[in-house]
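Okay, so here's the structure we're looking at.
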Amino acid sequence: MRRQGTKQSWKGHMNSSDKYKVLLMIWMLQFVNYLDRINLSIAAPTMMKELSIRPALFGVVLAAFSLGYAVAQIPGGVLADRFGAKSLLIASPILWSVFTGMTGFVASFIALAIVRVLFGAAEGLSNGASFKLIGDYFPSHERSAANGAYLSALALGPAFIAPVAVWFLTHVGWQGMFRWLALPGFVMALLIFFVIPCRSRDTAISREGAEAPAESGRFVDVTRMPTSWLILIAYMAFNIAFWGYLGWMPSYLSLSRHIELKALGFAASVPYLAGTVGMFVFGWLGSKVLYRHRCVLIAAIYLCTAVCLYVTYNVATAQASIVGLSAAGFFLYGGFGPVWSVVLDLTPGNLRGAFSGFVNCGGQIGGFFAPIIVGWLVGATGSFTGGFLFMIGALLVAALCFVALQAVKRDWPMRPGAAIAV
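Straight run, no breaks: the sequence shown in this note's numbering ends on number 571.
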């Protein structure tokens, strides 16, 4: 499989207004995605009481989302490659909004778990399509920054959306909250239908005759590449740390650092805001200054995150631990942009959706087990020491994988438009 570049410049051929419209739409979609994703966690205490669901069983409900989400990754990517990313980005929010609304009508543990699996699968359909659009509309040297901007919704969502869900919960109850929060997804589907250009078969870049590689390949060939498995293992290990951090940070601040509930919301939001800054900073570095050394940059980011987590657990005061968690969030979220630019560069154009789903599926497997294992370690030992060490170890594995990936230079582009033999 070989990808050839041309000598034409991206500039002048690419309709820049189209690509920024696309970026805005998928950012908004991800933001709404997190609005509908975190509302269950906020409603959990009320729902457990009214539906008589024990905490252990409610953990199964939370894991049910990850199960559906992981299963949908590869099919979603394949469908995006086959029928066009826009089609998936219209169907996905419609489906997840239906299941969000249905959550407001459930009356038992079984019904809730089934709806959450279906909800997770519906949300999972959109990831490969979103990354495919970034690969289609942005040249290689812009993808790190574009991914960083797009994925900043991952950090801004938890920081800013929680108060909205709390307002609905306190004013209309958990049933009403789910029914009302079903509406934004339908609005997003309409916006995507009217705003994103209809270019399902040909990429925006190739249609404009720009420096798009004339690349194609078979999915089975891509999965035979050592680089594919290196990046999948790395992303799985990273997600162990990411979802351990995301799921247990508020509990750590409350249980271990004894931060009161009224102050917990602000304390827990600061690391996410730091993560937003990190996404833009490292997205820019991965697109400009360190474009040729993105894998080394990613490895360094993961090592810095590990150091910050270690410092967080060992400092003496709650205020210092918040600073440590914020620094960890800055690096942890900052790696998203460079990572996904490397994923897109490794992939033939006709398989961007499928391969993105393949990598994200591996990541979600790590994300599925991480909160469970961290919770088990905390329960078994009575402290967060084991949980922190587990996340740190996973980050070290991820860093080693990217160091190895940097060494295999022939399998990923070292400059925009380079011819790559894979």
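Quick reminder that beta carbons are idealized off the backbone N, C-alpha and C, glycines included. On a predicted model such as this, the values are computed, not experimentally measured, just so you know.
N-terminal and C-terminal residue of the alpha helix (DSSP H) that S470 is part of: 467-483
Cβ neighbour criterion (16 or more within 10 Å) applied to W316: exposed
Sequence-distant residues of its chain with Cβ nearer than 8 Å to G334 (five each side left out): V181, D185, P242, I243, W245, S246, T249
R328 versus M251 - alpha carbon distance: 7 Å
The segment 495-512 contacting the segment 277-290, beta-carbon criterion three pairs below 8 Å: yes
Anticipated Cβ contact below 8 Å, F551 with C444, distance rounded: 4 Å
Check whether G478 and G424 have beta carbons under 8 Å apart: yes
Backbone CA spacing between A556 and A548 [nearest angstrom]: 13 Å
Nearest-angstrom beta carbon gap, N296 and S490 [assumed within contact, 8 Å]: 6 Å
Proximity of I187 and M196 at Cβ, strictly below 8 Å: no
Backbone CA spacing between L206 and F258 [nearest angstrom]: 8 Å
Where G639 falls: helix, strand or coil (DSSP): As shown, the chain starts at 150 and ends at 571. That puts residue 639 outside it, with no answer to give.
Whole-angstrom distance between E291 and D167, CA atom to CA atom: 15 Å
The segment 207-221 touching the segment 256-275, judged by at least three CB pairs closer than 8 Å: yes
Secondary structure of M197, DSSP reduced to three states: helix
Coarse secondary structure for P497, derived from DSSP in three states: coil
7 Å Cβ shell around L474 - same chain, five flanking residues per side excluded: M398, P420, T461
Assumed close pair I223, C510 - CB separation to whole angstroms, cut-off 8 Å: 5 Å
Under the three-state DSSP convention, the category M374 falls into: coil
Three or more C-beta pairs below 8 Å linking the segment 524-536 and the segment 438-453: no
Assigned secondary structure, V223 (DSSP; H/G/I helix, E/B strand, else coil): The sequence given here has Ile at residue 223, not Val. Correct three-state label for I223: helix.
Three-state secondary structure (DSSP) of P333: helix
Y440 - containing alpha helix (DSSP H), residue span: Counting along the chain, Y440 falls outside any alpha helix (DSSP H), and DSSP gives it neither H nor E.
Separation of A229 from I191, as counted between CA atoms: 32 Å
Selection from I345, H320, Q324, A213 that minimises the alpha carbon distance to G233: I345
Reduced DSSP category for V557 - H, G, I as helix; E, B as strand; rest coil: coil
Reduced DSSP secondary structure (H/G/I, E/B, other) of R367: coil
Span separating the alpha-carbon of I514 from that of V321: 35 Å
Complete alpha helix (DSSP H) runs within the segment 246-330 (minimum length 4 residues, chain order): 258-286, 289-309, 311-329
Buried/exposed call for M367, threshold 16 Cβ in 10 Å: In the sequence as displayed, the identity of residue 367 is Arg instead of Met. By the neighbour-count rule (16 or more Cβ atoms within 10 Å), R367 is not buried but exposed.
Distance between beta carbons of L274 and F237, contact taken as under 8 Å: Reading the sequence as shown, one finds Leu at residue 237 and not Phe. Yes, they are in contact, since the Cβ atoms of L237 and L274 sit about 6 Å apart, within 8 Å.
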